[in-house]
Amino acid sequence: MVNADSMQLYRGMDIGTAKLTPAERDGVPHHLLDIWAVTEPASVAEYQRLARAAVDDILARGRVPLLVGGSGLYVRAVLERFEFPGTDPGVRRRLEVELAESGPAPLYARLRAVDPAAAEGILPGNGRRIVRALEVIELTGAPFTAALPEPTPYYPSVQLGVDLDTAALDERIALRVDRMWADGLVAEVRGLVGQGLPEGRTASRALGYQQVLRFLAGELTEAEAHDETIRATRRFVRRQRSWFRRDPRIHWLDSANPGLTEEALRLVGAAAR
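Counting from 12, one number per residue, gives the positions in the sequence shown under the numbering used here.
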């Protein structure tokens with residue numbers, strides 16, 4: 012198993028990311044979990060390097076790698092021939108100053124105006140990714156999504172998506188957040204504060220963690236943090252589904268199908284022949 016969930020890369024962020032416990036992994040090797048401190052800013056380029064190294068190692072041992080997630084851009088970065096546009100420190104610095112002074116909302120509004128497709132795949136509170144998208148747009152004079160390559164496989168793969176009715180999905184999200192709170196998310200975040208979570212440009216924006224940090228800072232009540240986590244997760248899931256739905260290579264499977272596992276294995280087996 013190779014993790015493609017950008018927030019499960021962080022050590023100590025377990026409850027809010029629904030990270031499998033060692034017991035739940037049942038002896039199956041899981042790669043790229045718990046590799047970064049919460050103060051480390053996420054880097055898709057670095058993730059690509061690490062994930063491809065893990066995939067190559069698994070293939071060299073005659074095993075089948077399963078890339079599981081998560082973050083659409085991270086999945087593409089591994090499975091496709093994907094090069095990253097250059098950077099300009101001056102442009103980046105100017106946008107980061109604007110982010111620090113005004114927050115992510117005006118920058119996100121600008122991104123939505125010039126590149127709605129890119130905005131759809133980025134959380135409104137993820138200032139770092141918003142800045143990066145605007146930087147690429149300014150440097151290239153084209154939408155950020157135009158800088159993404161046409162899909163050219165880096166590895167042969169079978170892509171499977173598991174779908175669920177929207178109403179049922181919304182209910183599951185609420186139950187998941189209830190379980191996160193019951194399992195001790197607030198205590199987990201308190202413990203991570205001492206490790207620098209509030210200063211982590213990426214980790215501090217994770218769903219649930221961002222809301223609990225605001226509760227601990229006195230900006231929200233605990234009930235407000237809980238309910239905002241549900242709302243923010245539902246918004247994120249809608250964007251995530253839209254991102255993956257645009258990819259015609261994904262075989263969508265109905266989560267209510269009793270033969271879901273057999274159908275997935277059939278698709279994988281057919282591709283291997």
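Virtual Cβ for every residue (Gly too), placed ideally from N, Cα, C. Treat the numbers as computed from the prediction; the structure is a model and nothing was measured.
How many angstroms separate the CA atom of residue i from the CA atom of residue j?
{"i": "residue 21", "j": "residue 43", "result": "9 Å"}
{"i": "residue 201", "j": "residue 25", "result": "13 Å"}
{"i": "residue 212", "j": "residue 83", "result": "20 Å"}
{"i": "residue 132", "j": "residue 264", "result": "22 Å"}
{"i": "residue 147", "j": "residue 137", "result": "16 Å"}
{"i": "residue 226", "j": "residue 282", "result": "48 Å"}
{"i": "residue 208", "j": "residue 233", "result": "18 Å"}
{"i": "residue 74", "j": "residue 168", "result": "14 Å"}
{"i": "residue 64", "j": "residue 92", "result": "15 Å"}
{"i": "residue 150", "j": "residue 126", "result": "14 Å"}
{"i": "residue 288", "j": "residue 77", "result": "Any answer about residue 288 is impossible in this case: the structure gives the chain only from 12 up to 284."}
{"i": "residue 70", "j": "residue 34", "result": "25 Å"}
{"i": "residue 272", "j": "residue 67", "result": "26 Å"}
{"i": "residue 41", "j": "residue 113", "result": "40 Å"}
{"i": "residue 277", "j": "residue 28", "result": "30 Å"}
{"i": "residue 13", "j": "residue 59", "result": "11 Å"}
{"i": "residue 86", "j": "residue 228", "result": "34 Å"}
{"i": "residue 95", "j": "residue 103", "result": "15 Å"}
{"i": "residue 36", "j": "residue 61", "result": "20 Å"}
{"i": "residue 248", "j": "residue 124", "result": "21 Å"}
{"i": "residue 30", "j": "residue 178", "result": "24 Å"}
{"i": "residue 81", "j": "residue 152", "result": "29 Å"}
{"i": "residue 79", "j": "residue 192", "result": "25 Å"}
{"i": "residue 100", "j": "residue 46", "result": "27 Å"}
Assuming residue i contacts residue j under a Cβ cut-off of 8 Å, what Cβ separation, rounded to an integer in Å, is found between them?
{"i": "residue 243", "j": "residue 222", "result": "7 Å"}
{"i": "residue 217", "j": "residue 18", "result": "5 Å"}
{"i": "residue 190", "j": "residue 52", "result": "No, residue 190 and residue 52 are not in contact; Cβ-Cβ is about 29 Å, not under 8 Å."}
{"i": "residue 206", "j": "residue 48", "result": "7 Å"}
{"i": "residue 241", "j": "residue 188", "result": "5 Å"}
Helix, strand or coil, according to DSSP, for residue i in the structure here?
{"i": "residue 221", "result": "helix"}
{"i": "residue 148", "result": "helix"}
{"i": "residue 171", "result": "strand"}
{"i": "residue 11", "result": "Only positions 12 to 284 of the chain appear in this structure, which leaves residue 11 out of reach."}
{"i": "residue 194", "result": "helix"}
{"i": "residue 164", "result": "strand"}
{"i": "residue 134", "result": "coil"}
{"i": "residue 26", "result": "coil"}
{"i": "residue 265", "result": "strand"}
{"i": "residue 186", "result": "helix"}
{"i": "residue 271", "result": "helix"}
{"i": "residue 142", "result": "helix"}
{"i": "residue 230", "result": "coil"}
{"i": "residue 107", "result": "helix"}
{"i": "residue 77", "result": "coil"}
{"i": "residue 35", "result": "helix"}
{"i": "residue 49", "result": "coil"}
{"i": "residue 91", "result": "strand"}
Going by the beta-carbon positions, is the gap between residue i and residue j smaller than 8 Å?
{"i": "residue 203", "j": "residue 23", "result": "yes"}
{"i": "residue 89", "j": "residue 15", "result": "yes"}
{"i": "residue 181", "j": "residue 245", "result": "yes"}
{"i": "residue 116", "j": "residue 122", "result": "no"}
Leaving out the 5 sequence neighbours to the left and right, which residues in its chain are closer than 7 Å to residue i when beta-carbon positions are compared?
{"i": "residue 266", "result": "173, 174 and 175"}
{"i": "residue 236", "result": "222, 223, 225 and 226"}
{"i": "residue 215", "result": "208, 209, 221 and 224"}
{"i": "residue 268", "result": "274"}
{"i": "residue 1", "result": "Any answer about residue 1 is impossible in this case: the structure gives the chain only from 12 up to 284."}
{"i": "residue 98", "result": "146"}
Cutting at 6 Å between CB atoms, please list the residues of its own chain near residue i, excluding the five before and the five after it.
{"i": "residue 231", "result": "225"}
{"i": "residue 183", "result": "none"}
{"i": "residue 135", "result": "119"}
{"i": "residue 56", "result": "95"}
Which residues in the same chain as residue i place their Cβ atom closer than 8 Å to its Cβ, once the five residues preceding and following it in sequence are excluded?
{"i": "residue 261", "result": "170, 171, 172 and 255"}
{"i": "residue 118", "result": "106, 109, 110, 138, 141, 142 and 145"}
{"i": "residue 165", "result": "63, 89, 90, 91, 92 and 93"}
{"i": "residue 154", "result": "125, 126, 128, 129 and 148"}
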